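Reading through the structure tokens given below for one structure.
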Amino acid sequence: MSIKTLEIVRKRLEERPEELREARKKGQKVVGWTGYNVPEEIIHALGFIPVRIAVGGDDRLVEVGARYASSKTCVFIREIVGAFAENEDPYIQQTDFLAFDATCLQNYRAAEVIEYFFKKDVVVLAVPRNFAEDDAKTYFVHEANEFTRLLEERAGIALDPARLAESVALYNDIRKTLKSIYTFQAAKDNVISWEEVYDLIQAGELLDKHEYLSLLHQTLAELKERHHNPVIESDDGDSRIFISGSLIPRGDRKLISIINSVGGRIVGDDLWSGILPHLDLDIKEISPAGVALGYLNRTPHAALPYLNLESDRRLKKLHELLSQSKAQGVIYHTLRYCDPFTFKAKETKNVLAKSGIPLLEIHTEYAGSDYEAMKTRVEAFVEMIRIKSESVQEEAA
Amino acid sequence: MSISGNYFAGVDVGSLAAKSVILKDGEIFATGLVPSGVNSVESGLNALNLALETAGLQKEDLTYIVGTGYGRVSAPYANKAVTEITCHAKGTNYLHPSVRTIIDMGGQDCKAIRIDQDGAVVDFAMNDKCAAGTGRFLEVMAGVFKVKLEDLGAIALSATDTVPMSSTCTVFAESETISLVARGEKPENILNGIHHSIANRIAGLFSRVGIESDVFFSGGVAKNSGMKAAIEQALKVTIVKPEIDPQLIGALGAAVIARNFSKKEGLWA
Chain A
2 MSIKTLEIVR KRLEERPEEL REARKKGQKV VGWTGYNVPE EIIHALGFIP VRIAVGGDDR
62 LVEVGARYAS SKTCVFIREI VGAFAENEDP YIQQTDFLAF DATCLQNYRA AEVIEYFFKK
122 DVVVLAVPRN FAEDDAKTYF VHEANEFTRL LEERAGIALD PARLAESVAL YNDIRKTLKS
182 IYTFQAAKDN VISWEEVYDL IQAGELLDKH EYLSLLHQTL AELKERHHNP VIESDDGDSR
242 IFISGSLIPR GDRKLISIIN SVGGRIVGDD LWSGILPHLD LDIKEISPAG VALGYLNRTP
302 HAALPYLNLE SDRRLKKLHE LLSQSKAQGV IYHTLRYCDP FTFKAKETKN VLAKSGIPLL
362 EIHTEYAGSD YEAMKTRVEA FVEMIRIKSE SVQEEAA
Chain B
4 MSISGNYFAG VDVGSLAAKS VILKDGEIFA TGLVPSGVNS VESGLNALNL ALETAGLQKE
64 DLTYIVGTGY GRVSAPYANK AVTEITCHAK GTNYLHPSVR TIIDMGGQDC KAIRIDQDGA
124 VVDFAMNDKC AAGTGRFLEV MAGVFKVKLE DLGAIALSAT DTVPMSSTCT VFAESETISL
184 VARGEKPENI LNGIHHSIAN RIAGLFSRVG IESDVFFSGG VAKNSGMKAA IEQALKVTIV
244 KPEIDPQLIG ALGAAVIARN FSKKEGLWA
């Protein structure tokens, strides 16, 4: 039986573009943001409506984007550029200005291209490459203050610390509730699927934050009513898959649908379009600097270089999430020309192999032409996990 | 290896050929190999019927059928579908239990597969979606030189030199080949270069999964002696001599898996 609140969420998403249109008529401004380190709380506290610019899965828009950006740019960025060129996306249409960050340099390039060709006002938050060093933190605090100043200019008001505290509390509550809901998707009785939770996370990129929190609480209440104590363990015959790698934005469900079609069960992810940005965000001080440092201290994005595998927090987090979800294998999704993740595929595979966790890299783009080839790989990977699992069970018996 | 029981069949529908193997009492009883047509259901049935005819059996005599290959998704005659990666692993292990690494080159893709002592897949990698390093690529090249596909390998082996081929894209390689011919390069030397460029590309696949002896070469392209030699050189290995037509390995694996499924489902003891 499906979770009733999820139906409400889907309905509210359908109504959301019209709501944004009405809000703008009343003088509110919509900020389209994208980037791993954009401190959304600051945008929210200044009275803007934040919506995440994240579109994928449309090869035609990728081709349109390639007319403005290099055809060697990652397909996600090319699609975003293409979406701005066509201006048919209901959320992009409603944006008053944009806030991008430079965590991934292709994201930064997209900001340049969109500003130049489509005359959009874009505020860019610079992000330090050497994020782990003290100087980098000082630099990022400076950039976050400058980012806030640019937003204040556009808001016509100064950032009120009390409003920021309210926004931080709201977002903290959202993150906490999402984490609780996320536990259920990996649990034995499967009362909510990973796919449903993933859609729910992405709904939060668009809906009003207060309403979203209320819908999350409602979802959690429904889950608790059905299943008091979720226990994360394997059901018989499960092939428990964890998804890692390049983001999978709204509109792109190719890999997810393939995994489902061959009988794999997704039980976790560390995608920056998924649960990862909501984990480990600890804001110690209510100020732009405090929020910025909270963001920078999370699990870092793959685009930021870090060469010491022993102390790499990304790998540590991946191991932790794999263990929590009791995943049996990782499908590592890389988008064509998404260098940060593509470069790390082999390294991640080797590291996980030491823990006995197999990794399958799926390198793809938004065209449907590789669907069958992807399906063969994923199906063989699921078969491999299942055979291994059956052989372990037989040995135990 | 000997397994007892009834008749089990594996049907492997690839992009260029459809293959079938029937097992009886753990031994290969009959095989079928036909060119694939546009209708993969028909191609699979043609291959299966050929093996049935050779064996003097009816389809009803078969206890269990497993379909594999790209045509496995439309194989209504099969009890189950299994990927060709798993089937090549099982088929190879059935014939050559010491093999731990498989190179499978078919009509439209190429796979590097690592297996354990039971024939279970440990790791694998496949070529990207283009035709480089596949049977189709070699078919195009045979067309350029107007020679039979099955003669390509022997011609390459008669080369006195290796003309480097910079492109593995089928379309670009075709035009590069035409340029090399116009430049006066000998066909056998160009073909030798083509085989080596494919072999080097395959070596790239193995950098992802690793190589462990013994190494086996399956799929239709495995019948090409020039490709076998080029791969042995690129990977610095000696390939195990196949006991049967290497193009039948996927179908054989499917038949072995059919026998296992049948046992698991209690259809025979």
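So the sequences go chain by chain: A and B. Going by the numbering used here, the first residue of the first sequence is number 2, and it counts up by one from there. Going by the numbering used here, the first residue of the second sequence is number 4, and it counts up by one from there. By construction, the Cβ of each residue, glycine as well, lies at the ideal position given by its N, Cα and C atoms. In this text the structure is predicted, and so the values were computed from the model without any measurement.
Identified DSSP bridge partners for residue i
i        : result
B:Lys83  : B:Val69
B:Leu26  : B:Phe11, B:Ile31
A:Pro231 : DSSP, once it has assigned bridges, lists no residue as partnering A:Pro231.
B:Cys113 : B:Met108
B:Met129 : B:Lys114
B:Val37  : B:Ala21
A:Glu362 : A:Tyr333
A:Ser245 : A:Tyr333
A:Arg266 : A:Arg241
Environment of residue i [buried if 16+ CB atoms lie within 10 Å]
i        : result
A:Arg266 : buried
B:Thr163 : exposed
A:Asp271 : buried
A:Gly157 : exposed
B:Thr86  : buried
A:Asn88  : exposed
A:Asn309 : exposed
A:Tyr199 : buried
A:Asp136 : exposed
A:Tyr117 : exposed
A:Leu126 : buried
B:Gln250 : buried
B:Ser5   : Residue placement at B:Ser5 is poorly supported in this model, since its pLDDT is 40, which falls under 50; the coordinates still yield a value, given next. Classification for B:Ser5: exposed.
B:Ser7   : Caution applies to B:Ser7, whose pLDDT of 44 falls short of 50 and renders its modelled position unreliable; the value that the coordinates give is listed next. The residue is exposed, with fewer than 16 neighbouring Cβ atoms inside 10 Å.
B:Asp41  : It is Val, not Asp, that sits at residue 41 of chain B in the sequence shown. Counting Cβ neighbours within 10 Å, B:Val41 comes out exposed, since fewer than 16 surround it.
B:Gln61  : exposed
B:Gly196 : buried
A:Ala163 : exposed
Cβ of residue i within 8 angstroms of any chain A Cβ
i        : result
B:Ile88  : yes
B:Arg211 : yes
B:Asp64  : no
B:Val124 : yes
B:Met129 : yes
B:Val224 : no
B:Val69  : no
B:Asp112 : yes
B:Tyr97  : no
B:Ile6   : Low confidence applies here, because B:Ile6 scores a pLDDT of 42, under 50, leaving its location unreliable; read the following figure in that light. For B:Ile6, the answer is no, since every Cβ of chain A falls outside 8 angstroms of its Cβ.
B:Tyr73  : yes
B:Val85  : yes
Closer than 8 angstroms to chain B by CB, residue i
i        : result
A:Ser392 : yes
A:Thr377 : yes
A:Glu384 : yes
A:Pro289 : no
A:Pro359 : yes
A:Ala166 : no
A:Ala398 : no
A:Glu373 : yes
A:Ile388 : yes
A:Ala188 : no
A:Ala328 : no
A:Ala86  : no
A:Ala347 : According to the sequence shown, residue 347 of chain A is Lys rather than Ala. Yes, its Cβ sits closer than 8 angstroms to a Cβ of chain B.
A:Glu380 : yes
Whole-angstrom C-beta distance between residue j and residue i, which should lie under 8 angstroms
i        : j        : result
A:Arg227 : A:Val192 : 5 angstroms
B:Val37  : B:Ala21  : 5 angstroms
A:Val268 : A:Trp195 : 6 angstroms
A:Ala303 : A:Arg315 : 7 angstroms
A:Pro301 : A:Phe132 : 6 angstroms
B:Ile68  : B:Thr95  : Actually they are not in contact, since the Cβ atoms of B:Ile68 and B:Thr95 sit about 20 angstroms apart, beyond 8 angstroms.
A:Tyr69  : A:Val56  : That belief does not hold up - the Cβ atoms of A:Tyr69 and A:Val56 are roughly 15 angstroms apart, past 8 angstroms.
B:Gly74  : B:Val16  : 3 angstroms
Notebook entry, point to check: Mind pulling the beta strand (DSSP E) runs of 3 or more residues that sit fully within the region 171-239 of chain B?
Noted result: 218-221
Item checked: Length at least 3, wholly inside the region 90-145 of chain A: the beta strand (DSSP E) runs in chain order -> 98-102, 123-126
Notebook entry, point to check: If you scan the region 12-92 of chain A from start to end, which runs of the beta strand (DSSP E) of 3 or more residues do you find wholly inside it?
Noted result: 31-35, 50-53
Next item on the list: Starting from the N-terminal side, write out each stretch of the beta strand (DSSP E) that is 3 residues or longer and does not extend beyond the region 270-343 of chain A.
Entry: 330-336
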